[in-house]
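S.K.: The UniProt record's numbering applies: residue 1 is where the sequence shown begins, and numbers increase by one.
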Amino acid sequence: MGSEEVLGSSAVIMDPTISPCNGSMVQLMDDGEENENLGVDLLNDLDLYLEDIKDRLTISRVVSDSVIKGIVSAVEQEAAQKIAEKELELTRLKKGLHLYIVGSDDGSVCSGMRQEQKNRKNELYSDTFVEHDSLQESLRNLKIDVKGQLTNLKKEIHKVKGSYSMRRNSSSEIVGLGGILLEKVPDKWSDVDKMVDGLGTTLDSFCKHAEDMVHFPKSLFFEWQQEREFQAEIEGLVIKNSIRGLQEELEQQRLCDQNTQLYSNGSASWLEKVQELSSLRQELDAIAKSLSVLESGQLISHGSLEHRKSSGHHFSNGNHDESIITMPENLEAAELLRDKNKEELFHYFKTEMTKMKRDHESKVQKVTEELFALKGVYLKERGSTLPGRKDKDFDTLRKKIPEVILKLDNILIENEKVPAMSNSAESLDTMKDRLESLRIENCELQDLLAQKKKEIKLLSSQVSDAAEKTLQHSWTVANLFRMIKNLKSSIEDAHIEATISEHLYKLLLKEFMGQIKCFSKESDLEYNIMEGSSEIIFREAAQNVKPASMLETEDSDMESIIMQGVLEIGLQEAFKEAEEKLSSLNLKYIDENEARLSLEREAMEKLEQEIHLLTATIKEKDKLVQESVDELEKEKENFELVSQELDSLKVQTKQQGRLTEKLRETAEERSRLLAASKEKLSLVEAREREHREELASTIVLVNGLSRAVTDFESRATKEIERKSLWLENLNSQFGSLIQKVSILKRTGFLYKKNLESKCSDLQKAEAEVDLLGDKVENLQSLLEKIYIALDHYSLILKHYPGITEILKLIRRELNGESMTAYTHDPASSSQSKAFGSNAKKFEDKRV
Numbered sequence: 001m002g003s004e005e006v007l008g009s010s011a012v013i014m015d016p017t018i019s020p021c022n023g024s025m026v027q028l029m030d031d032g033e034e035n036e037n038l039g040v041d042l043l044n045d046l047d048l049y050l051e052d053i054k055d056r057l058t059i060s061r062v063v064s065d066s067v068i069k070g071i072v073s074a075v076e077q078e079a080a081q082k083i084a085e086k087e088l089e090l091t092r093l094k095k096g097l098h099l100y101i102v103g104s105d106d107g108s109v110c111s112g113m114r115q116e117q118k119n120r121k122n123e124l125y126s127d128t129f130v131e132h133d134s135l136q137e138s139l140r141n142l143k144i145d146v147k148g149q150l151t152n153l154k155k156e157i158h159k160v161k162g163s164y165s166m167r168r169n170s171s172s173e174i175v176g177l178g179g180i181l182l183e184k185v186p187d188k189w190s191d192v193d194k195m196v197d198g199l200g201t202t203l204d205s206f207c208k209h210a211e212d213m214v215h216f217p218k219s220l221f222f223e224w225q226q227e228r229e230f231q232a233e234i235e236g237l238v239i240k241n242s243i244r245g246l247q248e249e250l251e252q253q254r255l256c257d258q259n260t261q262l263y264s265n266g267s268a269s270w271l272e273k274v275q276e277l278s279s280l281r282q283e284l285d286a287i288a289k290s291l292s293v294l295e296s297g298q299l300i301s302h303g304s305l306e307h308r309k310s311s312g313h314h315f316s317n318g319n320h321d322e323s324i325i326t327m328p329e330n331l332e333a334a335e336l337l338r339d340k341n342k343e344e345l346f347h348y349f350k351t352e353m354t355k356m357k358r359d360h361e362s363k364v365q366k367v368t369e370e371l372f373a374l375k376g377v378y379l380k381e382r383g384s385t386l387p388g389r390k391d392k393d394f395d396t397l398r399k400k401i402p403e404v405i406l407k408l409d410n411i412l413i414e415n416e417k418v419p420a421m422s423n424s425a426e427s428l429d430t431m432k433d434r435l436e437s438l439r440i441e442n443c444e445l446q447d448l449l450a451q452k453k454k455e456i457k458l459l460s461s462q463v464s465d466a467a468e469k470t471l472q473h474s475w476t477v478a479n480l481f482r483m484i485k486n487l488k489s490s491i492e493d494a495h496i497e498a499t500i501s502e503h504l505y506k507l508l509l510k511e512f513m514g515q516i517k518c519f520s521k522e523s524d525l526e527y528n529i530m531e532g533s534s535e536i537i538f539r540e541a542a543q544n545v546k547p548a549s550m551l552e553t554e555d556s557d558m559e560s561i562i563m564q565g566v567l568e569i570g571l572q573e574a575f576k577e578a579e580e581k582l583s584s585l586n587l588k589y590i591d592e593n594e595a596r597l598s599l600e601r602e603a604m605e606k607l608e609q610e611i612h613l614l615t616a617t618i619k620e621k622d623k624l625v626q627e628s629v630d631e632l633e634k635e636k637e638n639f640e641l642v643s644q645e646l647d648s649l650k651v652q653t654k655q656q657g658r659l660t661e662k663l664r665e666t667a668e669e670r671s672r673l674l675a676a677s678k679e680k681l682s683l684v685e686a687r688e689r690e691h692r693e694e695l696a697s698t699i700v701l702v703n704g705l706s707r708a709v710t711d712f713e714s715r716a717t718k719e720i721e722r723k724s725l726w727l728e729n730l731n732s733q734f735g736s737l738i739q740k741v742s743i744l745k746r747t748g749f750l751y752k753k754n755l756e757s758k759c760s761d762l763q764k765a766e767a768e769v770d771l772l773g774d775k776v777e778n779l780q781s782l783l784e785k786i787y788i789a790l791d792h793y794s795l796i797l798k799h800y801p802g803i804t805e806i807l808k809l810i811r812r813e814l815n816g817e818s819m820t821a822y823t824h825d826p827a828s829s830s831q832s833k834a835f836g837s838n839a840k841k842f843e844d845k846r847v
């Protein structure tokens, strides 16, 4: 269709040029109309040129807005990702703290019930192993997830880079702010890559630190477990040995008291018993004399002496044998009594008393049988003289014999107790040794209590230091939140500045367009005035023309030529003024663009500096978080040790309370026993007083320890409550942060949608640009055809110098020589375009 129109126009052009028979006046009128049409065409070309500039400015503005919004959205996404990662880290730390607190509570319960629940230790240790393995697995999974997210982010960034590079290659002809921003985009993408790499390195370092904190070999854990068990066993053995030693001391003190009582009572009644023995001897002598009166002479005395010797020898041998026999029995009994309780001692003494009674009855029966046998022998030898008197004497003897037997039994029992008294000195020596060992053990216990007090003071100081560190950590967290708020406010300020700058640029462009329109209107008015004046002149000339006179025609031709020159000079001056104004406006626009770009560069540099500061602050905060985690772990270990020591102290206090109760009971018993023997046992009373003073000092120490332990427990409970409140406050603060993060995610999603819509708009603009390029190619083909047509009539068009210049320009355009001229001289390019469009319109009008 375009080729047919061009051929038709060329044919129409040929008709008026070939037929010059219409006359010279028609040619002059055509020349005036052509000059008028040239001015109109120039103005139309200026309008088209300004519309093209406007379209290019709108395209560059859209591209710059999209690029700036893309950069801002990328920065916001990075900030949102960093905030989300920090929130995840804080949640993991909270979970770890909760697990450690639960583990410490379980450890304290186990340490409190250690002696009663030994079977539960293995379950708790298995639970700790499971928790440790779960922590390691969670850290590994978290590391894998972080790496996957980083790889996805890098892929998305590379995709966005590829899309921008494709757009840049497709729209390389765009000039202005959009092109400058597209040139600066790679630098920003390199900064984004550096930030992503830095974030990856920081995350790797954080994961390594977390693995170092959590990962420790199981051999160390088993060693720690074995040490705990060994400590528990050693403490149990020490406590058992102390209890046994105290029990042995109490039993020895009881035996010592009994022996002292027996010794004092025996020493008092020993003279009485000696006197009773002497009286018994006198009575036996009297009985022997009464019997000797009945008997004759020396036989009686000899028999009585033999009987006395035999009986004395018999009794003495019996006593000696019994004393020899009872010595080992008493020694064995003394050894056995040390390992027996009250009830066992009572049963033991009861059985021994029954045995003694049975032995005594059997011995009495033997002695009575021997006496009756001796009486029978004596009566057979003596014969039956004085039967009545003998019967009476024998009756009295029979009455006296059981009394003498009872007295002798008492003497034998006391003689059996005498060797036990002989062993009392040895038992007193052993008691002295035991008392000295008890004093040494008491001194050791006092030293241990002093060491425990020092350890408790150190632990309290460590707890106070930990509290100060937690406060410092809370201050740092508050400062972090403040920094985040300040950054958000700065981002909002940057958004506001960008919007204000956009509005200012729009206003400036509107003013520029208004000025251009005013200039076009003024030029239109001037052209209309010149056109009216020329029409009036031509009309006057036409009225004054005389067809017969050739001179007048020549004058009119000269006047028309002069008018054409005047019009050309006026148009050239108008074009020069328009070009000067356009150049001044272009310079102003370029200066404004440079100022705007400088401001944007400064703003971007400020944003980059702020981002670097944020990264540095985030790294410092990561270090602070790691230090706080290490300190919390140390505090947990200290708390565990304190809880173990508190449990051991509680056990020791309970045992010491039992021992104090036992000691009070023993003191009451001692007071009762000493009330009966104050006058005789002054040495024993002095020793007991010393023991009482030592026991009072131990009781005072135990009471002081119990008070210190209660104070420490109250302090620990208060600190635990305070830390729980602090954790609850942190939970509430993190809840508000989570809400803010959700809001930021929503805004990011909206920004993403807007970006997608802008991308679709840009794609549409690219498609339109492609269509315009096709149209330009078609127009170039038309120009080729027009040039061919005009070149065919070059001999005729030599009389028109403007048309020949246009043909030269078209030739250069077609040969590719005018591109450099356009790039170097924008004024000449605009003139060539204007002349080309004017020539085309001129040819159309001629047609």
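Glycine residues also receive a C-beta, built at the ideal position from the N, C-alpha and C atoms.
Could you check what DSSP says for Leu782 in three-state terms: helix, strand or coil?
M.R.: Within the sequence shown, numbered from 1, the residue matching residue 782 stands at position 782. In the structure shown, Leu782 sits in a helix (DSSP, three-state: H, G or I).
S.K.: Are there 16 or more other CB atoms within 10 angstroms of the CB of Ser66, so buried, or fewer, so exposed?
M.R.: Locating residue 66 in the sequence shown gives position 66, counting from the first residue. The residue in question, Ser66, is buried, as its Cβ has 16 or more Cβ neighbours within 10 Å.
S.K.: Can you name the start and end residues of the alpha helix (DSSP H) that Leu807 belongs to?
M.R.: For this step, residue 807 is matched to residue 807 along the sequence shown. Leu807 -> alpha helix (DSSP H) spans 801 to 815.
S.K.: Using CA atoms only, rank isn't needed, just tell me which of Ala80, Lys54, Asp45, Asp55 is closest to Thr747.
M.R.: Within the sequence shown, residue 747 is the residue found at index 747, counting from 1. Ranking the options by Cα distance to Thr747, first place goes to Ala80.
S.K.: Rank Ser760, Leu659, Lys753, Lys650 by C-alpha distance to the C-alpha of Thr710 and give the top, closest one.
M.R.: Position 710 of the sequence shown, counted from the first residue, corresponds to residue 710. When only C-alpha atoms are compared, the closest one is Lys650.
S.K.: In this structure, how does DSSP classify Leu750 when only helix, strand and coil are distinguished?
M.R.: As a first step, residue 750 must be located in the sequence shown, where it is residue number 750. Three-state result, Leu750: helix.
S.K.: Between the region 586 to 600 and the region 501 to 513, are three or more C-beta pairs nearer than 8 Å?
M.R.: Touching, yes.
S.K.: Apart from the five residues just before and just after Gln735, which ones in its own chain have a Cβ nearer than 6 Å to its Cβ?
M.R.: Taking the first residue of the sequence shown as 1, we reach residue 735 at position 735. According to the sequence as given, residue 735 is Gly; it is not Gln. Counting only Cβ-Cβ distances below 6 Å, and skipping sequence neighbours, we find nothing.
S.K.: Could you name the residues of the same chain whose beta carbon sits closer than 6 Å to that of Ala696, not counting the 5 residues immediately before and after it, in chain order?
M.R.: Sequence index remark: in the sequence shown, residue 696 carries index 696 (1-based). Same-chain partners within the cutoff: there are none.
S.K.: I need the straight-line Cα distance from Met356 to Lys366, nearest angstrom please.
M.R.: On the sequence shown, residue 356 is found 356 positions in, with the first residue counted as 1. On the sequence shown, residue 366 is found 366 positions in, with the first residue counted as 1. Straight-line Cα distance between these residues: approximately 15 Å.
S.K.: Flag this pair as yes or no: are the beta carbons of Ile239 and Gln655 separated by less than 9 Å?
M.R.: Taking the sequence shown and counting its residues from 1, the one referred to as residue 239 is at position 239. Taking the sequence shown and counting its residues from 1, the one referred to as residue 655 is at position 655. A contact, by the Cβ cut-off of 9 Å.
S.K.: Here's a check: name, in chain order, each residue in its chain whose Cβ is nearer than 6 Å to the Cβ of Thr666, leaving out the five neighbours to either side.
M.R.: Reading the sequence shown from its first residue, position 666 is the one you call residue 666. Closer than 6 Å at the Cβ level, and outside the excluded window around Thr666, lie Leu250.
S.K.: Anyone know if the C-beta pair for Glu343 and Ala466 falls short of 9 Å?
M.R.: On the sequence shown, position 343 is the one that residue 343 refers to. On the sequence shown, position 466 is the one that residue 466 refers to. No, the Cβ-Cβ distance between Glu343 and Ala466 is not below 9 Å.
S.K.: Among residues of its own chain, excluding the 5 on either side of Val109, which ones have a beta-carbon nearer than 8 Å to its beta-carbon?
M.R.: Within the sequence shown, numbered from 1, the residue matching residue 109 stands at position 109. For Val109, the predicted structure reports a pLDDT of 40, less than 50, and the residue's modelled location is therefore unreliable. The matter cannot be settled from this model.
S.K.: With the cut-off set at 9 Å, would you say Leu246 and Leu438 are in Cβ contact?
M.R.: Along the sequence shown, one-based indexing puts residue 246 at 246. Along the sequence shown, one-based indexing puts residue 438 at 438. In contact: Leu246 and Leu438 (Cβ atoms closer than 9 Å).
S.K.: Quick one: Cα of His158 to Cα of Thr804, how far?
M.R.: If you number the sequence shown from 1, residue 158 lands on position 158. If you number the sequence shown from 1, residue 804 lands on position 804. So the two alpha carbons sit approximately 54 Å from each other.
S.K.: What's the call for Lys523, buried or exposed, on a 16-neighbour Cβ count within 10 Å?
M.R.: By one-based count along the sequence shown, residue 523 stands at place 523. Residue 523 is actually Ser in this sequence, not Lys. So Ser523 ends up on the buried side.
S.K.: Helix, strand or coil for Leu795 per DSSP?
M.R.: As a first step, residue 795 must be located in the sequence shown, where it is residue number 795. In this structure, Leu795 counts as coil in the three-state DSSP scheme.
S.K.: May I ask whether a heavy atom of the ligand SAM can be found less than 8 Å away from the beta carbon of Glu592?
M.R.: Looking for the ligand SAM in the displayed structure turns up nothing, as the structure carries no ligands at all.
S.K.: Exposed or buried, Met530, counting other C-beta atoms within 10 Å across all chains shown (16 or more means buried)?
M.R.: Position 530 of the sequence shown, counting from 1, holds the residue named residue 530. Counting Cβ neighbours within 10 Å, Met530 comes out buried, since at least 16 surround it.
S.K.: Asp52: buried (16+ other C-beta within 10 angstroms of its C-beta) or exposed?
M.R.: Against the sequence shown, residue 52 aligns to sequence position 52. By the neighbour-count rule (16 or more Cβ atoms within 10 Å), Asp52 is not buried but exposed.
S.K.: If we ignore side chains and look at the alpha-carbon of each, how far apart do Arg482 and Ile618 end up?
M.R.: Position 482 of the sequence shown, counted from the first residue, corresponds to residue 482. Position 618 of the sequence shown, counted from the first residue, corresponds to residue 618. Straight-line Cα distance between these residues: approximately 13 Å.
S.K.: In whole angstroms, give me the CA-to-CA distance for Lys452 and Gln652.
M.R.: Here residue 452 refers to the residue found at position 452 when the sequence shown is read from its first residue. Here residue 652 refers to the residue found at position 652 when the sequence shown is read from its first residue. If I take the Cα positions, the gap works out to 12 Å.
S.K.: Excluding five sequence neighbours on each side, which residues of the same chain lie with their C-beta closer than 7 Å to the C-beta of Lys753?
M.R.: Position 753 of the sequence shown, counted from the first residue, corresponds to residue 753. Hits under 7 Å: none found.
S.K.: Considering only C-alpha positions, which residue in the set Lys469, Thr58, Leu90 is nearest to Leu730?
M.R.: Translated into the one-based positions of the sequence shown, residue 730 becomes position 730. Leu730 has its Cα closest to that of Leu90, out of Lys469, Thr58, Leu90.
S.K.: Whose C-alpha, out of Leu487, Ile561, Asn586, Arg596, is nearest the C-alpha of Glu608?
M.R.: Locating residue 608 in the sequence shown gives position 608, counting from the first residue. When only C-alpha atoms are compared, the closest one is Leu487.
S.K.: By a C-beta neighbour count over all protein chains shown, 10 Å radius and 16 as the cutoff for buried, is Asp41 buried or exposed?
M.R.: Reading the sequence shown from its first residue, position 41 is the one you call residue 41. The residue is buried, with at least 16 neighbouring Cβ atoms inside 10 Å.
S.K.: So, using beta-carbon positions, are residue 852 and Tyr527 closer together than 9 Å?
M.R.: The chain is shown from 1 up to 847; residue 852 falls before or after that span and cannot be answered.
S.K.: Should Val625 go down as buried or exposed, given a rule of 16 or more other Cβ atoms within 10 Å for buried?
M.R.: The residue labelled residue 625 in the question sits at position 625 within the sequence shown. With 16 or more other Cβ atoms within 10 Å, it is buried.
S.K.: Express the C-alpha separation of Gly802 and Asp791 in angstroms, rounding to a whole number.
M.R.: Sequence index remark: in the sequence shown, residue 791 carries index 791 (1-based). Sequence index remark: in the sequence shown, residue 802 carries index 802 (1-based). Whole-angstrom Cα-Cα distance: 14 Å.
S.K.: Quick test of your reading: Glu784 and Leu814, contact by CB under 8 Å. State the CB separation rounded to the nearest angstrom.
M.R.: Residue mapping note: residue 784 aligns to position 784 of the sequence shown, counting from 1. Residue mapping note: residue 814 aligns to position 814 of the sequence shown, counting from 1. The pair is a contact, with the Cβ atoms about 6 Å apart (cut-off 8 Å).
S.K.: State the Cα-Cα distance for the pair Thr476 and Val75, rounded to the nearest angstrom.
M.R.: Indexing the sequence shown from 1 puts residue 476 at position 476. Indexing the sequence shown from 1 puts residue 75 at position 75. Approximately 24 Å between the Cα atoms of the pair.
S.K.: How should Leu57 be labelled, buried or exposed, when 16 other C-beta atoms within 10 angstroms of its C-beta is the threshold for buried?
M.R.: The residue you call residue 57 lines up with position 57 of the sequence shown. Label assigned to Leu57: buried.
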